[in-house]
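Residue numbers 136 to 426, in the working numbering, belong to the letters of the sequence shown in order.
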Amino acid sequence: MSARMIDGKSLATRLRSELTARVARFREETGVQPHLAAVLVGEDPASAVYVKNKQLDCTKAGILSTLHRFPTTLTTAELLDHVQKLNADPTVHGILVQLPLPKQIDELRILDAVLPVKDVDCFHPENVGLMVQGRPRFLPCTPAGCQELLKDAGVKTEGAHAVVLGRSDIVGKPMASLLIQKGGVADATVTICHSRTKNIAEITRQADILVAAIGKPNFVTADMVKPGVVVIDVGINRVGDRLVGDVDFDAVKEIASAITPVPGGVGPMTRALLLENTLRAAELQTARAKA
Ligand SMILES: NC(=O)c1ccc[n+]([C@@H]2O[C@H](COP(=O)([O-])OP(=O)(O)OC[C@H]3O[C@@H](n4cnc5c(N)ncnc54)[C@H](OP(=O)(O)O)[C@@H]3O)[C@@H](O)[C@H]2O)c1
136 MSARMIDGKS LATRLRSELT ARVARFREET GVQPHLAAVL VGEDPASAVY VKNKQLDCTK
196 AGILSTLHRF PTTLTTAELL DHVQKLNADP TVHGILVQLP LPKQIDELRI LDAVLPVKDV
256 DCFHPENVGL MVQGRPRFLP CTPAGCQELL KDAGVKTEGA HAVVLGRSDI VGKPMASLLI
316 QKGGVADATV TICHSRTKNI AEITRQADIL VAAIGKPNFV TADMVKPGVV VIDVGINRVG
376 DRLVGDVDFD AVKEIASAIT PVPGGVGPMT RALLLENTLR AAELQTARAK A
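Structure representation (structure tokens):
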């Protein structure tokens with residue numbers, strides 16, 4: 136048996152086209168164009184490509200995007216100063232600080248400095264807290280993208296055992312938080328695994344839904360999953376000139392009932408959710424300005 140493919144590329148295209156219409160309506164009703172400010176520090180080619188793609192997505196959706204580019208030698212104080220300027224600029228609705236930042240920069244201080252209402256990546260502790268409590272201001276892009284994939288694929292999460300591989304602040308922890316919420320694409324029983332977890336394969340074999348986000352190419356092998364599992368592969372790893380996920384796709388697809396490919400699975404959804412959050416940020420700030 137070969138698993139059903141969960142096609143993130145086509146779902147993201149659909150979501151982006153709906154969002155483009157909503158952006159147009161918002162602009163017509165308010166006269167305000169949603170604006171995402173992307174902050175890029177240093178010369179990392181992968182980061183430059185990510186930012187360029189996000190900017191392209193914005194343009195296609197009718198969202199203004201500006202690039203704020205700085206040399207690798209930038210200090211924490213200098214970057215803080217720039218973030219404060221973007222916070223104070225009423226025409227900027229969303230601020231995206233592309234990670235990783237150069238080593239000398241205190242990443243947490245920078246992310247904490249972003250005004251929560253402009254924090255479209257949902258990294259600020261206030262937004263993380265709201266999300267954990269089930270009253271989100273923004274949803275974290277990658278985990279929310281995974282939820283949209285599960286929803287679109289008609290996967291029943293209620294009562295399912297979801298195993299999340301990885302406990303990062305960007306993917307693993309918020310993914311687990313979303314899946315344990317009440318109602319919606321949630322109500323799962325969640326186990327989180329990380330590099331100190333013992334007998335990972337024993338745990339992953341119990342998963343009805345397996346979300347892999349560890350950054351290790353082809354880590355999840357066929358003997359680590361049970362028949363019928365739904366697999367969401369968040370991993371993006373470069374192996375030679377190919378991009379592969381954290382799951383051994385060719386082998387695991389023979390056992391799973393549904394699986395996301397890499398590329399074309401979670402990645403496009405993350406980008407779509409960033410646009411969603413930027414529109415939401417513009418809506419929130421425009422409503423506040425009127426109140
Ligand atoms: N598709 C997308 O849109 C998207 C978005 C974000 C990230 N990603 C990709 O997703 C992957 C994970 O990203 P991330 O930012 O979450 O990475 P990260 O910050 O490096 O976190 C990796 C997590 O995996 C755990 N881990 C590492 N090796 C392990 C092992 N052998 N067994 C069990 N757990 C292990 C780590 O455990 P410890 O905490 O114990 O160290 C950590 O919690 C990467 O490939 C990244 O490129 C994709």
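The C-beta atom is built at its ideal place from N, Cα and C for all residues, glycine as well. Computed from a prediction, not measured in an experiment: that's the story for all the values here.
Across which residues does DSSP place residue 326 in a beta bridge pair? Here residue 326 refers to the residue found at position 191 of the sequence shown. According to DSSP, which records beta bridges pairwise, residue 326 is partnered with 298.
Could you tell me how far apart the beta carbons of residue 381 and residue 300 are, in whole angstroms, since I believe they sit closer than 8 Å? For the purposes of this step, residue 381 is taken as the residue at position 246 of the sequence shown. For the purposes of this step, residue 300 is taken as the residue at position 165 of the sequence shown. The pair is a contact, with the Cβ atoms about 7 Å apart (cut-off 8 Å).
Bridge partners for residue 203 per DSSP, in chain order? Counting from 1 along the sequence shown, the entry for residue 203 is found at position 68. Looking at the DSSP assignment, residue 203 forms a beta bridge with 174.
Spatial neighbours of residue 411 in its chain, beta-carbon cut-off 7 Å, leaving aside the 5 residues before and after: As a first step, residue 411 must be located in the sequence shown, where it is residue number 276. Only 154 meet the Cβ criterion.
Return yes when the Cβ of residue 245 is within less than 8 Å of the Cβ of residue 215, no when it is not. On the sequence shown, residue 215 is found 80 positions in, with the first residue counted as 1. On the sequence shown, residue 245 is found 110 positions in, with the first residue counted as 1. Contact flag set, yes.
Whose CA, out of 307, 268, 231, lies closest to the CA of residue 408? Residue mapping note: residue 408 aligns to position 273 of the sequence shown, counting from 1. Checking every option, the nearest Cα to that of residue 408 belongs to 231.
Taking its Cβ as the centre, do 16 or more other Cβ atoms sit within 10 Å of residue 377, making it buried, or is it exposed? Start at 1 with the first residue of the sequence shown, and residue 377 comes out as number 242. That one is exposed.
Let's see if you can read the secondary structure: which residues bound the beta strand (DSSP E) around residue 336? On the sequence shown, position 201 is the one that residue 336 refers to. Note, residue 336: premise wrong, no beta strand (DSSP E); alpha helix (DSSP H) at 335-339.
Just checking residue 182 against ligand 1 - is the residue's beta carbon closer than 7 Å to any of the ligand's heavy atoms? Here the question's residue 182 lines up with position 47 in the sequence shown. No, the Cβ of residue 182 stays beyond 7 Å of every heavy atom of ligand 1.
Can you tell me which of 348, 269, 285 puts its alpha carbon nearest to the alpha carbon of residue 304? Taking the first residue of the sequence shown as 1, we reach residue 304 at position 169. Cα-wise, what sits closest to residue 304 is 348.
Name the two residues that bound the continuous beta strand (DSSP E) containing residue 347. By one-based count along the sequence shown, residue 347 stands at place 212. Unbroken beta strand (DSSP E) run through residue 347: 344-347.
Compute the distance between the beta-carbons of residue 405 and residue 284, then report whether it is under 8 Å. The residue given as residue 405 occupies position 270 in the sequence shown. The residue given as residue 284 occupies position 149 in the sequence shown. No, the Cβ-Cβ distance between residue 405 and residue 284 is not below 8 Å.
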